[in-house]
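Be aware that the sequence shown starts at 4, since it is given in my numbering, and climbs by one per residue.
All C-beta atoms, glycine included, are put in the ideal place defined by N, C-alpha and C.
As the structure is a computational prediction, the values presented were derived from the model and not from experiment.
Structure, as structure tokens:
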Amino acid sequence: MKYFGFAGKIAHIDLSSQKIRPFPLSETYISKFLGGYGINNRLFWDYQAPNTDPFAPENTIILGTGPLVGTLFPGAGKVIGTTKSPIIATPKKLHFIDNAVVGSRRFGMMLKNAGFDHLIITGRAEKPVYLKITNDEIQINSAENLWGIKDIYETTDLFLHENPLSGILAIGKGGEKLVRYALALVDYSGHLGKFGFGAVMGSKNLKAIVTFGTKGVKVAHPPEFLKLARELRQKIRAVPLLKQFHDLGITSGWALQAPLVYEGNVPYREWKKKFGPKIWKKHKFQHNLACGGCIVACRTDFHVPAGPYQGLTSFTGHHFLPARVALRLGIEDPTLIIKLLDICNRAGVCFFTVGGLLNWITRHETDSFPREISTYLDLLEKIISKTDIGEIAANGWYPVSQHLEIDPDGFFEGRS
Ligand code: SF4
4 MKYFGFAGKI AHIDLSSQKI RPFPLSETYI SKFLGGYGIN NRLFWDYQAP
54 NTDPFAPENT IILGTGPLVG TLFPGAGKVI GTTKSPIIAT PKKLHFIDNA
104 VVGSRRFGMM LKNAGFDHLI ITGRAEKPVY LKITNDEIQI NSAENLWGIK
154 DIYETTDLFL HENPLSGILA IGKGGEKLVR YALALVDYSG HLGKFGFGAV
204 MGSKNLKAIV TFGTKGVKVA HPPEFLKLAR ELRQKIRAVP LLKQFHDLGI
254 TSGWALQAPL VYEGNVPYRE WKKKFGPKIW KKHKFQHNLA CGGCIVACRT
304 DFHVPAGPYQ GLTSFTGHHF LPARVALRLG IEDPTLIIKL LDICNRAGVC
354 FFTVGGLLNW ITRHETDSFP REISTYLDLL EKIISKTDIG EIAANGWYPV
404 SQHLEIDPDG FFEGRS
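Below, the structure written as structure tokens:
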């Protein structure tokens, strides 16, 4: 391999036949598509047949990293997942290709260190499985003791207990039940693929992927590379907003972000008073999580210090997500929003999509679904387990708009 920064290998794992085929990463693909998104998409083009149903065994999942992942370059922990999304977005039920990217604490770095740049996953396992990837070796192991039993945090804890340095990508009940906006969580805190990446994993009976490796990643000119990485770190440290990022996540600049996302159903000042940075600082726990090698550490943990959910801690990329969902649902107590966030994280469903759908349903069917926390918790449970109206809501915006006869164009979140 004449290029540095790559492990130089791809693995095709077919879960139906349980066959694993490692093969070299093409240098032509590197020169044409560089890595990450580029090679993910080229591999998807190579392996995916047209008109494949997203939940068919033939739908392909590509996972990949770029050439900087696994090196000391700051912030280079990204993992990219490509698949055909199960989201129903049109009357003709056309589906789009979802390219999801997320920062990982260890998963991407460990995949590369285990000797693989990309994984191609096809087929459907007969029974639930997980993949264990360690230094050039890939095992397909039974996950029957996890499926339907362990949520994402519990699954992650279990694998970390075996090896605290592992990278872990896992799905929860949402993915297992094929909720169309189910995602996978990477290393507790990275939300990969809100357009159903987790559901496609679920359709393949794939509960988790665990990576660990010690092979290292070679760079072309180590002294120059280290100098550049060090300089970049110093520049990042000098960014005045860094303290804010550490406090409340990457979009912590309220003055900059809030006007862009304000949805207008309560007065702006009231929203800020109830869900602005001061409130979230009170619910901030002890530490942030960072992607491998990143000094920004933007993954924020929110904590419930007292009350019925005392002790609960859950992660989000930034405090705007809970603030916006609170605004939509008219919730005034931050601990209730943290509870909803935690249920979504554990089940692996998109919290933001859930917030919007609960808003739609309770605004249009207020008699049956009064806008209060007990309704939201009940509806969320029904979505995750796909029972009653949850069966429809688990299919996403378009089916819900048809069922409730809502004109989506006339309904702008809280304003309807
Ligand atoms: S910790 Fe945040 S800022 Fe740093 S690489 Fe990860 S997502 Fe990006």
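Check: The alpha helix (DSSP H) that contains Gly205, what's its start and end?; Outcome: Phe200 to Ser206
Check: Quick check on Ser419: does DSSP put it in helix, strand or coil?; Outcome: In this prediction, Ser419 scores a pLDDT of 36, lower than 50, which makes its location untrustworthy; the coordinate-derived value is nonetheless stated afterwards. Coil at Ser419, not helix or strand.
Check: Regarding Cys347 and the ligand SF4, is the C-beta to nearest heavy atom distance less than 6 Å?; Outcome: no
Check: Could you check if Met204 is buried or exposed, using at least 16 other CB atoms within 10 Å of its CB as the buried criterion?; Outcome: buried
Check: Determine whether the beta carbon atoms of Ile90 and Phe200 lie at a separation below 7 Å.; Outcome: no
Check: Do Ala396 and Ile387 have their C-beta atoms within less than 7 Å of each other?; Outcome: no
Check: Please classify Tyr133: does DSSP put it in a helix, a strand, or coil?; Outcome: strand
Check: Quick one: Cα of Ile65 to Cα of Lys180, how far?; Outcome: 21 Å
Check: For Asn44, which three-state DSSP category applies?; Outcome: helix
Check: As an exercise, report each continuous beta strand (DSSP E) stretch of at least 3 residues that is fully enclosed by the region 29-103, in chain order.; Outcome: 64-67 and 81-87
Check: What separation, rounded to the nearest whole angstrom, lies between the Cα atoms of Ser377 and Cys353?; Outcome: 20 Å
Check: In three-state DSSP terms, what is His367?; Outcome: helix
Check: Is any heavy atom of the ligand SF4 found at a distance shorter than 6 Å from the C-beta of Ala187?; Outcome: no
Check: Classify Ile152 as buried or exposed, calling it buried when 16 or more other Cβ atoms lie within 10 Å of its own Cβ.; Outcome: exposed
Check: How close, in whole Å, do the beta carbons of Leu149 and Lys210 come, if the pair is a contact with beta carbons under 8 Å?; Outcome: 5 Å
Check: Suppose contacts are defined by Cβ-Cβ distances below 7 Å. Is His322 in contact with Trp274 by that definition?; Outcome: no
Check: Grab me the residues of Phe278's own chain with a C-beta within less than 6 Å of its C-beta, minus the 5 sequence neighbours each way, in chain order.; Outcome: Ala326 and Ala329
Check: Name the residue from Asp336, Asn102 and Leu259 whose alpha carbon lies nearest to the alpha carbon of Gly196.; Outcome: Asn102
Check: Locate the beta strand (DSSP E) running through Arg24, then write down its first and last residues.; Outcome: Lys22 to Pro27
Check: When DSSP labels each residue in this structure, what does Val222 get in the three-state scheme?; Outcome: coil
Check: Closer than 6 Å to a non-hydrogen atom of the ligand SF4 - does that hold for the CB of Cys353?; Outcome: no
Check: Note the first and the last residue of the continuous beta strand (DSSP E) segment covering Asn348.; Outcome: Unbroken run through Asn348 is the alpha helix (DSSP H), Pro337 to Ala350; no beta strand (DSSP E).
Check: Leaving out five residues on either side along the sequence, give the residues of the same chain with a beta carbon under 7 Å from the beta carbon of Ile340.; Outcome: Pro325, Val328, Ala329 and Ile334
Check: Are there 16 or more other CB atoms within 10 angstroms of the CB of Thr85, so buried, or fewer, so exposed?; Outcome: buried
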